[in-house]
Amino acid sequence: GDTAGEDTGDAGDAGDEAVTIGFATCNMNDTFQTYIVDAATAKATELGYTLDVQDAQEDVVKQQDQVNAMISQGVDAIVVVPVDTSAMGPITDAVTEAGIPLVYVNRNPFGTDTPPEGVYYVGSQEIVAGRLQGEYLIELMGEEGGVGILMGLLTNEGAVKRTEGNEEILSQYEGIEILAKEAGDWQYDKAMAITENWITAYGDDLNAVLANNDGMAIGATQALDAAGRDDVIVMGVDAIPDAVNMVAEGTLDATVLQDADGQGSGGIEVVSKVLSGDTPEPITWIDFVLVTPENVADFQ
Amino acid sequence: MAEDTKKIKDNKEKSERDEKIERYIELLKKYGIIVALILLVVVISVAEPKFLSPKNLFNVLAQSAIYGIMALGLTFVIISKGIDLSVGSLLAFAGIVAASLGQVSTATTKYFPSLGELPVLVPILAALIIGALLGAVNGGLIAFTGIPAFIATLGMMTIARGFTLMYTGGKPVSQLIPGIKFLGDKIGPIPIPVIIYGLMIFITWILLNHTSFGKNIYAIGGNIKAAEVSGVNVKKNLVMIYAFAGLTCGVAALVFAGRVGSVHPGAALGYELTAIAATTIGGTSHTGGIGTVWGAVVGALILSVLRNGLTLLGVQAYWQQIVEGVIIIVAVIIDMRKNAKKK
Amino acid sequence: MAEDTKKIKDNKEKSERDEKIERYIELLKKYGIIVALILLVVVISVAEPKFLSPKNLFNVLAQSAIYGIMALGLTFVIISKGIDLSVGSLLAFAGIVAASLGQVSTATTKYFPSLGELPVLVPILAALIIGALLGAVNGGLIAFTGIPAFIATLGMMTIARGFTLMYTGGKPVSQLIPGIKFLGDKIGPIPIPVIIYGLMIFITWILLNHTSFGKNIYAIGGNIKAAEVSGVNVKKNLVMIYAFAGLTCGVAALVFAGRVGSVHPGAALGYELTAIAATTIGGTSHTGGIGTVWGAVVGALILSVLRNGLTLLGVQAYWQQIVEGVIIIVAVIIDMRKNAKKK
Amino acid sequence: MTENKNILEMKDIVKTFPGVKALKGVDLNIGYGEIHAVMGENGAGKSTLMKCLIGIHPQTSGQIYFEGKLIENYNTAEALKIGISMIHQELNPVEFRSIAENIWLGREPKTKLGLVDHKKMYEMTKEVLKKIDLNEDPKKLMVDLTVAKMQMIEIAKAISYNAKLIIMDEPTSALTNKEIKQLFSIMRKLKEEGKSIIYISHKLDEIFEISDKVSVYRDGKYIGTEDTDKMDTAKLIKMMVGRDIDEMFPKVECPIGDIKLEVSKLSDRSHFKNVSFNVRKGEILGVAGLVGAGRTEVIETLFGLRTRMSGQVKIDGKEVMINSPQDAKVNKIALLTEDRRLNGIFPMLTVFQNAFMANIDKYVKKSKLFDHKKATEDVNKFVDIIKIKTPNIYQKIENLSGGNQQKVLVARWLMTEPEILILDEPTRGIDVGAKAEIHRLISTLAGQGKSIIMISSELPEIMGMSDRIMVMHEGKVTGIIDNHKDLTQEELMLYATGQATSLPNN
Ligand SMILES: Nc1ncnc2c1ncn2[C@@H]1O[C@H](COP(=O)(O)OP(=O)(O)OP(=O)(O)O)[C@@H](O)[C@H]1O
Ligand SMILES: Nc1ncnc2c1ncn2[C@@H]1O[C@H](COP(=O)(O)OP(=O)(O)OP(=O)(O)O)[C@@H](O)[C@H]1O
Ligand SMILES: [Mg+2]
Ligand SMILES: [Mg+2]
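Chains as they are written, first to last, in the numbering used here: chain A, -14 to 285; chain B, 85 to 427; chain C, 85 to 427; chain D, 155 to 660.
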């Protein structure tokens, strides 16, 4: 497009003009995503950039529209947390065509491929979070026991991948039975209700609950508490402050830190490198870290 | 002539007998949704006897409390021929404000750091007042601008959710005072959410069936012109109807905070559909003027029995969705038999 | 007497003039929602002239296409006094099946590995047929069992979503053939979704305004009992209405697949509210019998102009929600002026 | 000021609706203890004037004095409070609520706790119902009542306010002679108590029987007020219509053909039993009976709206099964229903849409598209013939006066040109002028060889129009009588009350 070309032309010599970065997040209702946005905002402010945050509310078409509007608006760079990693083709095409640098954060649209020129990725692989939970569970529980998995919204990629990671590890042990996988839709209270029902259904056979996020893990601990079941292992993902505190207190066994700071600020750093003429690495891996009582002090 | 009279008498007797049988069938049909609930309970408890354990039954009740309470407010709204899509968001907003006023003084991320520990009455009142006030705004918009309830409450739904997210920057508020957590606790075997739910059912029932407010709700939904020509203050009543619905969201928010021990801004996302479904399953009609409190209760119970049962039976997640959809439809089809005779 | 006639003449003239002015105001009021749209466009383009660039305007149109197309089907449904909550799920189901039949042969995760590349007509027909068929099931349930549309389509919503998830195990289907991607492409400056949308608008308009089917829709929504007496085959028409709504979901699914280049099982989650909102903003009334095709189009445009504008203006995410809610309400209040004098 | 003499004085009342000036500066004065008839054609503005008075549509300009005091800016609730109540032309039942709740809506008796005192409410209801001689359970739902009963409930409700001035807007259009007599005796009692009544009706004989004074309006203008005893029918009609009407029942004699429709031993579950009759081509069969005789049920069953239990229907000698209105349509039967709001009008739709809705298929062109031009022509034609008063055919039918709504419905069914046309109370609420016009159209249809069944509670209409008259009593046919000059209302009433029967074998 003509207009977009002109606009980026403007942005090129924007030495004294303010730099605007479009940040298309996938869902601000997701607590973890708000930490990424916070980190990105902080970094942008530090570097003197304006960050224009748009929330797609898990709607891939909306995200596309928002990115298109950013292109029309003539932002200097675009950062995207994909709603659906398999659907980023059109966004990648549109942004590269407009000559605007593009950084994907948190969810990897490229899998094992290398991103095309001018496109970058900062983040991790969701499936790893699930694996970490699984591996630590084996450590705590041994190779025998019943597990319930609390999944996020079934339509959500993170939910699918994290669960896959859990299953990949647990299925290697014959003594471990996945009693149930249910959708708590990321909601605290739904997870609580499901856990209550699991306690009824499986009784002492239920030895562990792996939740796709911390909110649902917290809901599960509430239900277990109320039933006087302190023998059940519970783990979450995200390491939100409440969860970290609970790990420290011992009410939660573990959570998985997905380094929101690293991802959010990392994304902006890549942008700053590109804008100043450097060529950063196409992929910056930010690893998941398991938060357990042993290392929890580092995260508080 | 004599034959005639005999015939008439015969007819009369016959029709009296017929009427008795009819009335009996009527009754069964009238409470068709209860029949559906009983069927559901029987099937589940045969398949999984644990369902009938008192503890599980209390669980089922407690689980239905949150959307069940909202369904009570929605009963008023729907009888009056309205709709309220904002109930989930109102719960979240009322809940998050209440939670922010009800944190322990030692909370690590304290929303009002300078605030000590307030008496539990403060967050409770905050939740109730915010719920009722925003509900009243809904009602006011509908009554005084004449916009459809769908639009007013859809707008409120996104607005209230936006404010909720902004209020905490998207973060949850946790470490609540024992007074709030108590609301999710138990007295003996009885969960307090169940007691609160019971109380709300009673209040709603009194309001709907034993006050002129209740009569006005039916009139507004059944025939708004009749209400107007009878001198009913339709606008005032509409405001009250939505304010009450908002109030139930405030109550539900407190139960939520009590049960979960924290409130996050995404709380109760999409609950409007669940609560409306509970009301509708219970026979409250969107064409207005028809509906009962017990219907909303039974509707909410059907949903929670179903969800509990499907989990107990270990039905897979995808199948749970599918089965839930099918059973809701079937339950209402059973209930529809009540209208079969009315041409 | 002479004075009398003069007076009468005067009155006549006066009232004729009055009538003209009134008719003019009427017109303005009647199209109040267009006034709201124009206001919105003016405000946004003053604040951000880039809004008016042809490319951006085409973007806006293309953006409204998906829920705009579904809003067309919903217009039929809502005029007939129904509701369809399943449109988002139907889009997802129709889309994912179509996508699975329309992958390139070299796709890394191919749904039907043994299947080569099928002609594009196969996925297209699949989407349309699935949409129409499931829609017809909705209509059939409503017509033949008498359950409320809310329940039938709520059930269908969860059922269809469940099947969609099951179909791929929750994974997206991507790497679609060029023929499908073409549906999201452009011809010259004109996005093909816009062309498809235009075509659907035309078809819907013809159906609603120039066929007996359209007349029947209004009759059913206007007074279903009177429609029956007038010899309208209510049941058949209900099935057709919901089948058409389902068909629009199939079309929207194709546009979705074309634009996004893949379909994931969470596609169009919650779109039912957006599409219903578009229809309702455009003046189609949930009390039945009232509604227009252009209203649905304008309603969809208001939503996409609003979203585009808020993004262009760089309004922060939380505020966007709030502002969107407020503007929807205000737009409909402006539109409501048309009823102002008729209290 | 003329204090004390008049309870109500309305001066120079103007009321405009968009596109319609319904009242162009009219007066109305009502004395204490007076029954004052308000007359005028359909759409003259009678109901509008009354709605101004009761505070539903505040007048655009003009003053209203009640008991000598200027009353301004009030709503219905306040009007009710100061002692004005109204029986509305359109029934306003809250359908799924009880009789008692309907009557006491907005002013339920309360216990000390402020809760509704249901026991007292039911007792009060019984008392009110006794006054109008209606024996119904106060807990019965309004939906389960017939139109006539609902009308009686509305009357009871209006009386229960103990108002000083009661407005009655066509209370008798859904009643038969028996209830009308009852209503009149109530009205006389109220008058004795010093209460004033505004009475609106299109039945001229009623006016002469009950009213003290008559005020006439035409096209939103005030024509004049007269003492009723100084009036006669011709003069009244002239004042209303502005011209003479030569013939009320312009029945054209036409040859009667073969039997078109034959119904034998039709019964439903409870309302009627073994009803047999036939209609010939070119014949008008009148159906008479008291309220509750089951006439409506018979023809609704015949039309497929209700389930039939037994019986046989033959058309042109062949048995037909009619289980739904569509079946009826296939057999070229059309029905103008009794209850205008329930299954007659499409309230939110235009006059145009309302008029062609039973006839959609007729206007579908070869291209499958709807022929708007032809439909518009036809509708406009009928609007002219039966003088439907509307600014244009795109007006919402709800905004028309009651009588004009009825005319649109009549037009709808006359337009269908069916072989068998059933009309249930076709001229309810229609003014004298238009009535004659409608009678002429019915007569013309018969002349074209159509078979017509006409239910009416107005015996003069039945006797003026029918070739034969079927009379029903409590769900049975008591007589099928050839119409002749010497037939009297009294004779028909004998059959209608079950005191006579011409069918001994039944
Ligand atoms: N709400 C409204 N909007 C527009 N026009 C209206 C409205 N109400 C009444 N009118 C018009 O005002 C005029 C007077 O109507 P009104 O109902 O007072 O007549 P009426 O004398 O009671 O007639 P009828 O004998 O048929 O009941 C009619 O032309 C009618 O179309
Ligand atoms: N919905 C109903 N529920 C119960 N009973 C009914 C219902 N409708 C009618 N009936 C009864 O059926 C009988 C006949 O009804 P209806 O009054 O309609 O007869 P009708 O001859 O058509 O009278 P009219 O036409 O003068 O009103 C009455 O006894 C009435 O009480
Ligand atoms: Mg009138
Ligand atoms: Mg009748």
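Just so it is clear, CB atoms sit at the ideal spot from N, CA and C, and this is done for glycine as well. All values reported here derive from a predicted model rather than from experimental measurement.
At the 7 Å Cβ level, is residue i part of the contact set with chain C, yes or no?
i, result
"H348(B)", "no"
"I487(D)", "no"
"T16(A)", "no"
Would residue i pass as an interface residue toward chain A - the criterion being a Cβ-Cβ separation below 7 Å?
i, result
"Q147(C)", "yes"
"I417(C)", "no"
"V278(C)", "no"
For residue i, which beta-bridge partners are listed by DSSP?
i, result
"A233(D)", "Beta-bridge pairing links A233(D) to no other residue."
"N160(D)", "G185(D)"
"Y173(A)", "Per DSSP, none; premise fails for Y173(A)."
"K604(D)", "Partner(s): none; K604(D) has no beta bridge."
"S252(D)", "L295(D)"
"S418(D)", "Q466(D)"
Taking the alpha carbon of residue i as the point to measure from, which residue in the options has its own alpha carbon closest?
i, options, result
"E277(D)", "N289(D), G268(D), L267(D)", "N289(D)"
"I418(B)", "I325(B), A384(B), L121(B), R107(B)", "L121(B)"
"F288(A)", "E149(A), N91(A), D283(A)", "Because chain A spans -14 through 285 in this model, residue 288(A) falls outside it and cannot be assessed."
"I226(C)", "Y326(C), Y151(C), V316(C), L123(C)", "Y326(C)"
"K630(D)", "M463(D), G448(D), G216(D), A509(D)", "G448(D)"
Using a beta-carbon distance below 7 Å, is residue i in contact with chain D?
i, result
"A303(C)", "yes"
"S429(B)", "Any question about residue 429(B) goes unanswered here, given that chain B covers just 85 to 427."
"H370(B)", "no"
"G307(C)", "The sequence given here places Asn at residue 307(C); Gly does not occur at that position. Yes, N307(C) counts as interfacial toward chain D."
"K299(B)", "yes"
Compute the beta-carbon to beta-carbon distance between residue i and residue j, rounded to the nearest angstrom, for a pair I have assumed lies under 8 Å.
i, j, result
"I241(D)", "P325(D)", "5 Å"
"F135(C)", "G393(C)", "6 Å"
"G223(B)", "M324(B)", "7 Å"
"G131(A)", "E153(A)", "Not really, about 18 Å apart at Cβ, beyond 8 Å."
Hey, is residue i's beta-carbon within less than 7 Å of any beta-carbon in chain B?
i, result
"Y402(C)", "yes"
"M250(C)", "yes"
"I406(C)", "yes"
"I162(C)", "no"
"F250(D)", "yes"
Going along chain E, which residues have a C-beta under 7 Å from residue i?
i, result
"T332(C)", "Chain labels in this structure do not include chain E; the protein chains are A, B, C and D."
- Of all the residues that make up the region 66 to 83 of chain A, which are near chain C by a beta-carbon distance shorter than 7 Å? D69, S71, A72, G74, P75
- Item | Members of the region 200 to 227 of chain A near chain B, C-beta cut-off 8 Å | G200, I203, G204, Q207, A211, I225, P226, D227
- Message: What are the residues in the region 498 to 512 of chain D lying within 8 Å of chain C by C-beta distance?
- Response: G498, I499, F500, P501, M502, L503, Q507, F510, M511, A512
- Query: Can you list, in chain order, the residues of the region 207 to 229 of chain B whose Cβ is nearer than 9 Å to any Cβ on chain C?
  - Reply: L225, T229
- Query: Which residues, in order along the region 508 to 537 of chain D, keep a beta-carbon less than 7 Å from a beta-carbon of chain C?
  - Reply: M511, A512, I514, D515, V518, K522, L523, F524
- Name the residues in the region 224 to 243 of chain D whose C-beta lies less than 9 Å from a C-beta of chain B; which are they? N229, T230, A231, E232, A233, L234, K235, M240, H242
- If contact means a Cβ-Cβ distance below 7 Å, which residues of the region 156 to 181 of chain B contact chain A? none
- When Cβ atoms are compared, which residues of the region 369 to 392 of chain B fall closer than 7 Å to chain D? G373, I374
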